[in-house]
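Student: In the order they appear, the protein sequences are chains A and B.
First residue of the first sequence: 37, per my numbering; consecutive thereafter.
First residue of the second sequence: 37, per my numbering; consecutive thereafter.
Heads up, the beta-carbon is just placed ideally off N, CA and C, and yes, glycines get one too.
Number of protein chains: 2
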Amino acid sequence: MISKKCKYALKALIYISKNNGDETVLTSSIARDENIPRKFLESILRNLRNNKILHSKRGKKGGFALLRDPKEIYIVEIMRIMDGPVAMLPCVSLNYYKSCEECDEKNCKIKGMFENVRDKTLEILGSTSLHDLNQQYNQKEAPLV
Amino acid sequence: MISKKCKYALKALIYISKNNGDETVLTSSIARDENIPRKFLESILRNLRNNKILHSKRGKKGGFALLRDPKEIYIVEIMRIMDGPVAMLPCVSLNYYKSCEECDEKNCKIKGMFENVRDKTLEILGSTSLHDLNQQYNQKEAPLV
DNA sequence: TTAATATCCTACTAAATAAGTAGGATTTAT
DNA sequence: ATAAATCCTACTTATTTAGTAGGATATTAA
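Written as structure tokens, this is what we have:
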């Protein structure tokens with residue numbers, strides 16, 4: 037399961053992508069339209085800004101906007117920022133590798149299967165962009181990445 | 037990430053599958069060989085017994101054994117018993133469905149992608165058995181189930 | 001220059017989950 | 001009878017999740 041924080045982040049970014057081009061988007065608009073607690077959302081958006089996904093403008097007429105083209109922001113990047121590893125085992129994570137300590141990694145019987153799960157998952161999350169999710173989402177039979 | 041409890045369960049079941057046919061397997065042997073805290077493992081194995089994966093024999097010469105052929109025990113079943121849903125969103129879970137409450141499910145922009153992830157994940161976890169993991173694990177290009 | 005409106009920041013809290021531990025009760029083989 | 005197992009309940013400790021509270025700071029516009 038992804039955390040609610042991560043789900044809120046995805047919903048907020050999709051919302052911002054949709055309204056992009058014009059101006060910045062207000063936290064309060066997103067909170068209202070997507071049913072996300074405002075203060076909680078604030079900290080999520082600030083986190084995304086710290087991670088170079090968003091830029092922000094303070095004060096009246098302030099708000100948030102994407103730093104990049106929504107076609108080039110992939111879901112996996114957001115998920116890693118919000119929840120950390122995508123993999124199901126620490127020893128199989130590409131971006132947050134940790135040994136399992138209690139087990140002998142060379143002879144681990146479950147590692148291979150979870151590498152396989154990771155790869156299939158990343159094929160999807162690593163090739164789907166914010167722009168894709170604002171279109172009618174269609175499963176790609178052979179993902180580009 | 038799966039929980040350590042779940043990882044321990046998988047390791048223990050693989051261990052039991054390997055030694056199956058002969059007699060029951062002791063909690064203490066598994067704990068020793070797989071570096072799992074014994075008391076914690078006890079509760080895991082009892083849980084698996086309550087869920088009809090194992091049967092147990094009490095007293096001297098007791099222990100645990102599989103109730104079914106290891107070729108017919110799929111990893112997904114164990115993961116659901118130990119950790120609950122496999123899906124990344126409650127509203128996308130096949131076995132633990134829950135609405136997301138704050139969002140309008142019909143118009144949810146992220147649901148489709150996570151259904152896709154779920155399906156790819158289940159293709160693997162639902163077609164890999166304990167027996168498979170005791171062999172050299174090889175990625176199946178076109179899973180049977 | 002002042003008021004309104006945003007984001008920014010730190011700290012706190014409450015509930016749930018994870019990862020066990022403790023201490024025996026019960027059952028079975030020898 | 002005794003040793004060796006599983007069985008059972010309750011407790012603990014740490015971490016994570018999902019927020020809330022209360023302002024400080026910056027910006028725009030009247």
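#1: If contact is defined by three or more beta carbon pairs under 8 Å, each pair taking one atom from either stretch, is the stretch 118 to 131 of chain B in contact with the stretch 145 to 159 of chain B?
#2: Please list, in chain order, all residues of the same chain as VAL181 of chain B whose beta carbon is under 7 Å from its beta carbon, the five residues on each side excluded.
#3: Can you give me the start and stop residues for the alpha helix (DSSP H) that LEU90 of chain B sits inside?
#4: Would you mind reading off the limits of the beta strand (DSSP E) that contains LEU102 of chain A?
#5: Determine which residues share a DSSP beta bridge with VAL61 of chain A and list them.
#6: Buried or exposed for ASP168 of chain B, going by 16 or more other Cβ atoms inside 10 Å?
#7: How long is the line joining the alpha carbons of TYR173 of chain B and ILE114 of chain B, rounded to whole angstroms?
#8: Taking only beta-carbon positions, decide if ILE146 of chain A is within less than 8 Å of chain B.
#9: Which residues in chain B have a C-beta closer than 9 Å to the C-beta of LYS156 of chain A? List them in chain order.
#10: Within the continuous alpha helix (DSSP H) that includes TYR173 of chain A, where are the two ends?
#11: For LEU81 of chain B, report the span of its alpha helix (DSSP H) as first-last.
#12: Rounding to the nearest angstrom, what Cα-Cα distance links THR60 of chain B and GLU70 of chain B in this structure?
#13: Rounded to whole angstroms, what's the CA-CA distance from PRO179 of chain B to ASN131 of chain A? Just pull it up for me.
#14: Which runs of the alpha helix (DSSP H), 4 residues or longer, sit entirely within the stretch 103 to 136 of chain A?
#15: Please report the distance separating the alpha-carbon of GLU141 of chain A from that of SER135 of chain A.
#16: Can you look up SER39 of chain B in the DSSP assignment and give me helix, strand or coil?
#17: With distances taken from CA atoms, which of A:CYS144, A:ILE66, A:ILE38 is nearest GLY99 of chain A?
#18: Indicate whether at least one CB of chain B lies closer than 8 Å to the CB of LEU84 of chain A.
#19: Can you say whether ARG22 of chain A is buried or exposed, counting buried as having 16 or more other CB atoms within 10 angstroms of its CB?
#20: Just to confirm, is the Cβ distance from LYS145 of chain B to THR157 of chain A under 8 Å?
Tutor: Reading off the structure:
#1: The answer is yes - the stretch 118 to 131 of chain B touches the stretch 145 to 159 of chain B, with three or more Cβ pairs under 8 Å.
#2: In this predicted model, VAL181 of chain B has a pLDDT of only 49, less than 50, meaning its place in the structure is not dependable enough to derive any value.
#3: Annotation for LEU90 of chain B: no alpha helix (DSSP H) segment contains it, though the beta strand (DSSP E) segment containing it runs 90 to 93.
#4: Segment 99 to 102, the beta strand (DSSP E) holding LEU102 of chain A.
#5: A:PHE100.
#6: Label assigned to ASP168 of chain B: buried.
#7: Rounded to the nearest angstrom, the two C-alpha atoms are 18 Å apart.
#8: Chain B, which has a Cβ nearer than 8 Å to the Cβ of ILE146 of chain A, makes this yes.
#9: Going along chain B in sequence order, the residues near LYS156 of chain A (Cβ under 9 Å) are VAL153, LYS156, THR157, GLU159, ILE160.
#10: Unbroken run through TYR173 of chain A: none, as it is neither H nor E.
#11: It spans 74 to 86 - the alpha helix (DSSP H) in which LEU81 of chain B sits, taken as one unbroken run.
#12: The C-alpha of THR60 of chain B lies about 17 Å from the C-alpha of GLU70 of chain B.
#13: Annotation note: pLDDT 48 at PRO179 of chain B (below 50); position unreliable, no value reported.
#14: Fully enclosed alpha helix (DSSP H) runs of 4 or longer: 111 to 119.
#15: Rounded to the nearest angstrom, the two C-alpha atoms are 8 Å apart.
#16: Coil, per DSSP.
#17: Out of A:CYS144, A:ILE66, A:ILE38, A:ILE66 has the C-alpha closest to the C-alpha of GLY99 of chain A.
#18: Chain B contact via Cβ: absent.
#19: Here chain A comprises residues numbered 37 to 181, so residue 22 of chain A is not present and cannot be evaluated.
#20: In this structure, LYS145 of chain B lies away from THR157 of chain A, with their beta-carbon atoms at least 8 Å apart.
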